[in-house]
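Number of protein chains: 2
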Amino acid sequence: MTTSGDYELYYWPGLPGRGELVRLVLEDAGAEYRDVAREPGGVAALRAILDAPGGVVPPLAPPVLKHGALIIAQTAVICDHLARRHGLVGDDEAERLAAMQLMLTVMDLLTEAHDVHHPISSSLYYEDQKPEAKLRAAAFLEARLPKFLGYFERVVAAKNTRCLLGAHSYVDLAVFQVLEGLAYAFPRAFAARSAEIPQLLALRDRVRERPRIAAYLASPRRQPFTEQGIFRRYPELDA
Amino acid sequence: MTTSGDYELYYWPGLPGRGELVRLVLEDAGAEYRDVAREPGGVAALRAILDAPGGVVPPLAPPVLKHGALIIAQTAVICDHLARRHGLVGDDEAERLAAMQLMLTVMDLLTEAHDVHHPISSSLYYEDQKPEAKLRAAAFLEARLPKFLGYFERVVAAKNTRCLLGAHSYVDLAVFQVLEGLAYAFPRAFAARSAEIPQLLALRDRVRERPRIAAYLASPRRQPFTEQGIFRRYPELDA
Chain A
1 MTTSGDYELY YWPGLPGRGE LVRLVLEDAG AEYRDVAREP GGVAALRAIL
51 DAPGGVVPPL APPVLKHGAL IIAQTAVICD HLARRHGLVG DDEAERLAAM
101 QLMLTVMDLL TEAHDVHHPI SSSLYYEDQK PEAKLRAAAF LEARLPKFLG
151 YFERVVAAKN TRCLLGAHSY VDLAVFQVLE GLAYAFPRAF AARSAEIPQL
201 LALRDRVRER PRIAAYLASP RRQPFTEQGI FRRYPELDA
Chain B
1 MTTSGDYELY YWPGLPGRGE LVRLVLEDAG AEYRDVAREP GGVAALRAIL
51 DAPGGVVPPL APPVLKHGAL IIAQTAVICD HLARRHGLVG DDEAERLAAM
101 QLMLTVMDLL TEAHDVHHPI SSSLYYEDQK PEAKLRAAAF LEARLPKFLG
151 YFERVVAAKN TRCLLGAHSY VDLAVFQVLE GLAYAFPRAF AARSAEIPQL
201 LALRDRVRER PRIAAYLASP RRQPFTEQGI FRRYPELDA
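Going line by line, the protein sequences match chains A and B.
Under our numbering, the first residue of the first sequence is numbered 1, with each subsequent residue one higher.
Under our numbering, the first residue of the second sequence is numbered 1, with each subsequent residue one higher.
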């Protein structure tokens with residue numbers, strides 16, 4: 001038998017990244033966890049779990065969650081696992097599937113937001129792909145961002161509870177984080193879209209005010225967005 | 001109560017695409033299904049289910065599976081749902097999580113393989129982003145492809161059963177399809193890597209020879225790769 005205190009999160013320190021979607025679930029659940037790679041010697045521990053993890057299959061990349069004998073990778077899988085244990089998704093199979101469907105759509109948006117500044121290769125510096133990044137940013141802000149935001153807005157509006165699935169779930173936490181990231185990276189483009197997404201902004205505010213989330217956001221455990229992460233404030237890429 | 005005959009798959013006709021990962025699960029399971037968008041009037045039916053789907057949450061994009069009252073989107077979620085009903089993933093929760101982790105990693109590779117020919121925007125033609133595609137292709141073939149193939153090779157080799165999870169699962173079907181797509185799109189680069197992935201090629205051959213898969217591949221239900229799909233044979237993007 002395992003307890004919440006057995007959770008160990010492994011993710012690159014110094015940026016919120018995909019690991020933040022896991023942190024938000026752990027924090028909202030009130031779960032105890034170690035954020036291993038942010039401890040002294042933690043990056044070596046992160047590398048060790050990537051190299052010789054144990055578990056059913058090895059992870060390809062962080063975030064990784066160690067939970068007793070379970071070692072899980074892929075952000076959406078980790079969040080789904082935690083959410084079921086902590087009441088952050090319904091027990092009903094149809095709702096679990098719908099939550100995962102939405103979560104994977106959030107992850108698609110996250111990947112596209114990242115690729116805006118790395119359209120050629122994640123192995124190259126941004127400075128080595130700036131002209132291509134400008135082209136990709138324009139296409140993202142014109143076509144993809146409104147498509148994703150419009151979709152999530154319709155989903156929230158249909159439920160009329162400031163929740164994507166009718167009741168609060170881990171997917172709301174993920175959408176909250178992505179909205180914060182988009183507002184950070186693309187302040188002008190995001191402001192220009194704000195009038196189109198009243199329900200999404202209401203969801204964001206609702207999540208922000210949840211007591212455990214509010215306490216977390218005010219704590220040193222919360223890391224700011226920076227130009228090392230998925231969401232980067234490069235003014236030349238904004239609208 | 002629903003039966004297998006209640007399955008309706010909705011995916012763009014004329015290309016295998018992400019829909020093919022669902023078809024392979026349905027075919028390997030011996031399930032009856034309608035491939036709705038390939039029927040007369042089917043594209044209108046596909047558009048209709050995107051516009052007014054019913055279900056818990058609407059899909060953003062195909063593939064969509066209708067299964068009785070359930071309407072599910074996101075390829076990995078559909079495959080997981082079908083696999084559990086048809087014995088193509090273990091009942092054990094740890095194995096289901098591991099399968100989904102691998103499946104999402106396959107989907108990541110699929111997305112990157114697509115973005116090789118559309119690095120700037122999926123709304124633009126390939127012809128309008130050819131210089132950028134050449135840069136992205138070189139980075140993909142040099143850094144990303146060996147990273148993904150090496151990872152899956154290690155996973156298969158660790159089990160020593162020509163299966164990613166020890167026993168045959170839906171993830172093997174997905175990897176099979178991606179290997180076929182990579183060999184189609186990048187024949188020179190794929191051939192150059194083949195000596196490094198003996199276990200993956202053995203898995204591919206094993207899947208190919210499964211009786212229902214072999215019958216499917218020989219049938220008109222199987223669609224060839226074309227330059228409309230995820231995997232495209234553009235010689236200028238190959239090694």
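Beta carbons are placed, not taken as given, at the ideal position from N, Cα and C, and that holds for glycine.
Measuring straight from C-alpha to C-alpha, what distance separates Leu110/A and Pro63/A? 14 Å
Which first and last residues belong to the alpha helix (DSSP H) in which Leu109/A is found? 93-117
Suppose contacts are defined by Cβ-Cβ distances below 8 Å. Is Phe225/A in contact with Tyr184/A by that definition? yes
Cβ pair Ala239/A, Ala202/A closer than 8 Å: no
Is it buried or exposed, Arg232/B, if we count other Cβ atoms within 10 angstroms and call 16 or more buried? buried
The stretch 40-60 of chain A contacting the stretch 70-78 of chain A, beta-carbon criterion three pairs below 8 Å: Judged by Cβ distances under 8 Å, the stretch 40-60 of chain A makes contact with the stretch 70-78 of chain A, as three or more pairs qualify.
Whole angstroms is fine: what's the gap from Leu88/A's alpha carbon to Ala218/B's? Taking the straight line from one Cα to the other gives about 45 Å.
Threshold first: 4 residues or longer. Then list the alpha helix (DSSP H) segments lying entirely within the stretch 185-232 of chain B, N to C. 187-193, 198-208, 211-217
Does any C-beta atom of chain B lie closer than 8 Å to the C-beta of Pro58/A? yes
On the three-pair Cβ rule with 8 Å, is the stretch 105-121 of chain B touching the stretch 84-100 of chain A? no
I need the DSSP call for His86/B, collapsed to helix, strand or coil. coil
Report the CB separation of Asp28/B from Arg212/B in whole angstroms; it is logged as a contact under 8 Å. 6 Å
Could you tell me whether the Cβ of Glu95/B comes closer than 8 Å to any Cβ of chain A? yes
Measuring only the C-alpha atoms, how far is His117/B from Lys130/B? 7 Å
Taking its Cβ as the centre, do 16 or more other Cβ atoms sit within 10 Å of Glu132/A, making it buried, or is it exposed? Under this definition Glu132/A is a buried residue.
I'd like the span of the beta strand (DSSP E) that includes Val64/B, first residue to last. 64-67
Quick check: is the beta carbon of Thr105/A nearer than 8 Å to any beta carbon in chain B? yes
Per DSSP, Glu8/A forms a beta bridge with which residues? DSSP, once it has assigned bridges, lists Arg34/A, Lys66/A as partnering Glu8/A.
What in chain B is Cβ-close to Ala183/A, meaning under 8 Å? None at all; the shortest Cβ gap to chain B is about 21 Å.
I'd like the span of the alpha helix (DSSP H) that includes Leu149/B, first residue to last. 145-159
Kindly indicate if chain B contains any beta-carbon less than 8 Å away from that of Tyr126/A. no
Could you tell me the distance, in whole angstroms, from the CA atom of Lys134/A to the CA atom of Tyr234/A? 10 Å
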